[in-house]
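Accompanying notes for the structure given below.
Number of protein chains: 2
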Amino acid sequence: MARRRAKTTARRRSPKGNVAIDDAVYGAIRQAMLSGRLRPGTKLQEPVLARLLKVSRERVRKALHRLVHERWLEAVPNRGTFVPAPSVEELRELYEVRGILEDAVVARLARVTANGSAQKLRAHVAEERSAVKSGDRSRLFGLSTEFHALLAELSGNEQLSRTLRTLLPRSSLHFSLFAPPALHNCAGPHDHGDIVKAVLAGDTDKARALMRQHLAGLVELLSAREEAPENLTLEEVFLPERGPPGPLMNLDAGGSRFTATLEARGPARKRRAAKAARL
Amino acid sequence: MARRRAKTTARRRSPKGNVAIDDAVYGAIRQAMLSGRLRPGTKLQEPVLARLLKVSRERVRKALHRLVHERWLEAVPNRGTFVPAPSVEELRELYEVRGILEDAVVARLARVTANGSAQKLRAHVAEERSAVKSGDRSRLFGLSTEFHALLAELSGNEQLSRTLRTLLPRSSLHFSLFAPPALHNCAGPHDHGDIVKAVLAGDTDKARALMRQHLAGLVELLSAREEAPENLTLEEVFLPERGPPGPLMNLDAGGSRFTATLEARGPARKRRAAKAARL
DNA sequence: TTCACAAATAATGTGCACATTCTCTAGACA
DNA sequence: TGTCTAGAGAATGTGCACATTATTTGTGAA
Chain V
7 MARRRAKTTA
17 RRRSPKGNVA
27 IDDAVYGAIR
37 QAMLSGRLRP
47 GTKLQEPVLA
57 RLLKVSRERV
67 RKALHRLVHE
77 RWLEAVPNRG
87 TFVPAPSVEE
97 LRELYEVRGI
107 LEDAVVARLA
117 RVTANGSAQK
127 LRAHVAEERS
137 AVKSGDRSRL
147 FGLSTEFHAL
157 LAELSGNEQL
167 SRTLRTLLPR
177 SSLHFSLFAP
187 PALHNCAGPH
197 DHGDIVKAVL
207 AGDTDKARAL
217 MRQHLAGLVE
227 LLSAREEAPE
237 NLTLEEVFLP
247 ERGPPGPLMN
257 LDAGGSRFTA
267 TLEARGPARK
277 RRAAKAARL
Chain L
7 MARRRAKTTA
17 RRRSPKGNVA
27 IDDAVYGAIR
37 QAMLSGRLRP
47 GTKLQEPVLA
57 RLLKVSRERV
67 RKALHRLVHE
77 RWLEAVPNRG
87 TFVPAPSVEE
97 LRELYEVRGI
107 LEDAVVARLA
117 RVTANGSAQK
127 LRAHVAEERS
137 AVKSGDRSRL
147 FGLSTEFHAL
157 LAELSGNEQL
167 SRTLRTLLPR
177 SSLHFSLFAP
187 PALHNCAGPH
197 DHGDIVKAVL
207 AGDTDKARAL
217 MRQHLAGLVE
227 LLSAREEAPE
237 NLTLEEVFLP
247 ERGPPGPLMN
257 LDAGGSRFTA
267 TLEARGPARK
277 RRAAKAARL
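Chains as they are written, first to last, in this note's numbering: chain V, 7 to 285; chain L, 7 to 285.
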């Protein structure tokens, strides 16, 4: 008994730091999704993730449950947890709801802009432009999604922001599948600048119209489904590129800002035939 | 080892029936909240609930986590799980978001009404009237909330319905605290009939206006805070009235329809001074 | 070769024991 | 009498062992 006691006490990292570990695991998986590395249909196996992230399986379980509740992932009883593959019809419905909410967001925002909002919005658009220039698709995926979260956050209604945020993961997912190769020509990032301009000019009608067009443009992409690239294995997704065998994870805690650690990282090498769970 | 093995096998109810137990626990707590018996600030202790509902503590834990994720409850790390007590400001924001969404709901519904919708809506309104007549406050609480869920469900956009549903628990909570004694004079149930009438008549503008007024009326109630009645103990909330010492719970599985088992039950007797966790 | 079926393997799900943290009470001291 | 502190008790949090379920592999006959 004494032996076991010592073991468990040693294993436990720190009295208060457990939530940090939980957030790190949660953040790592969410990052992988936002970056587009985790493709729809991929199965997230608890033992594999526990090994790769160097945490106990219970930690992984907890993070997966949380992500399922937030609709980032889907759970099938006794089968496992999967990256969702929403149908086109479901995506259309999601974008309709987003339109309803985001219309209200830009309307509020064009009416009264809190101080500091302008700067944040311009900075974000600039960051998107830089991501387009450098051709960093993963980074742009995250930024494009976060743009809408940022708008909602600045609208001043926290509940509105929360509600919209629940819709973003699922509706953004398909971008890793559908996005055309030429990013700078696509409807997405270019529109964001115009929306910001209209909002900051206080032109409510124009801002609303632009947002409506923007979302409609995203829905358009749904029809033009492309060849889906091969899935990656969990190792390729979660192991740092050519890193040392077992580095302690140094991911951010995954707070409300989730673009921090999206550093530029080269394209994954040695593509392997992943099994790609069916679902 | 053999002893333990036999024990666990016997304890486990059935191979497939575990989800049913989970849903029953989840439904029981949600029922108690919808009926208004669980008041804001009440602490839900895992061992107590496990004893009262005759399930293992893990089952209670799981249900509580689920309810926290769905914003029915609030969790404080290392402290416990509580019935939330949202601020008036937060409630205002919630009702603003509800207004945005429910405006779209009635607009959609007035434009195209699926067959069968009219019957369901009329039946629901009739049920509310009967609850008012019989003075059953608990039943009316649940029905009033579910009216809005029903409207959204009939709107045809499942994502819209889902999204609105996440806002209902938290925004409806205060009714158990604020509702005036004379229910039939209150703004709530009377309006529902008018909204249904306008929707079924296809009068989009009127339906939207009525919904807007209805929600505004609910917000009005926030200002008129009343004396909060005493809290009930968990025993008084979850133990059936004067029932046998340990009856197996026969609650419904807590599916999408949550008004089924809201049977008429007399007011709780032997009110006792509950500690009412602070939070 | 192909299909069906059974064993093996590996995943997910869950009860339990224990660690940790918080709460509440009793008592000392100002 | 009031406040602070230490300790007992009870609640929440978590690692682990094991049960259950799903998937894959292997073997046989048609």
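Glycine is no exception: its CB is placed at the ideal position from the N, C-alpha and C atoms. All figures in this text were calculated on a predicted structure; none of them were measured in a lab.
Straight-line CA distance for residue i to residue j?
i             : j             : result
residue 59/V  : residue 27/V  : 10 Å
residue 176/V : residue 99/V  : 11 Å
residue 102/V : residue 242/L : 44 Å
residue 220/L : residue 78/V  : 34 Å
residue 124/L : residue 171/L : 21 Å
residue 141/V : residue 196/V : 14 Å
residue 238/V : residue 152/V : 24 Å
residue 81/V  : residue 72/V  : 11 Å
residue 29/V  : residue 63/L  : 25 Å
residue 146/V : residue 244/L : 51 Å
residue 94/L  : residue 57/V  : 46 Å
residue 167/V : residue 38/L  : 29 Å
residue 198/V : residue 165/L : 25 Å
residue 169/V : residue 108/V : 11 Å
residue 119/V : residue 226/L : 27 Å
residue 181/V : residue 218/L : 36 Å
residue 104/L : residue 129/V : 31 Å
Excluding the 5 residues preceding and the 5 following residue i in the sequence, name in chain order all residues of the same chain whose CB lies nearer than 6 Å to its CB.
i             : result
residue 202/V : 127, 131
residue 157/V : 111
residue 91/L  : 46, 47
residue 51/V  : none
I'd like to check one pair, residue j with residue i: are the Cβ atoms closer than 8 Å?
i             : j             : result
residue 212/L : residue 204/L : yes
residue 148/V : residue 40/V  : yes
residue 106/V : residue 106/L : yes
residue 228/L : residue 97/L  : yes
residue 216/V : residue 200/V : yes
residue 144/V : residue 33/V  : no
residue 150/L : residue 134/L : yes
Rounded to the nearest angstrom, how far is the Cβ of residue i from that of residue j, given a contact under 8 Å?
i             : j             : result
residue 31/V  : residue 66/V  : 6 Å
residue 206/L : residue 160/L : That pair is no contact at about 11 Å.
residue 46/L  : residue 89/L  : 5 Å
residue 174/V : residue 154/V : 6 Å
residue 139/L : residue 86/L  : Residue 139/L to residue 86/L, Cβ: 39 Å. No contact.
residue 25/L  : residue 83/V  : 7 Å
residue 55/L  : residue 240/L : 7 Å
Going by beta carbon distance, what residues of the same chain come within less than 8 Å of residue i, once the five residues before and after it are set aside?
i             : result
residue 76/L  : 172, 175
residue 163/V : 114
Identify, in the order they occur along the chain, each residue of the same chain with its Cβ nearer than 7 Å to the Cβ of residue i, setting aside the five sequence neighbours on each side.
i             : result
residue 61/V  : 27, 31
residue 287/V : This structure does not reach residue 287/V, given that chain V is present from 7 up to 285, and the question cannot be answered.
residue 68/V  : 28
residue 137/L : 145, 146, 149
residue 214/V : 109, 112, 113
Does the distance between the C-beta of residue i and the nearest non-hydrogen atom of the ligand SAM fall short of 7 Å?
i            : result
residue 70/V : The ligand SAM is not among the ligands present in this structure, which contains no ligands whatsoever.
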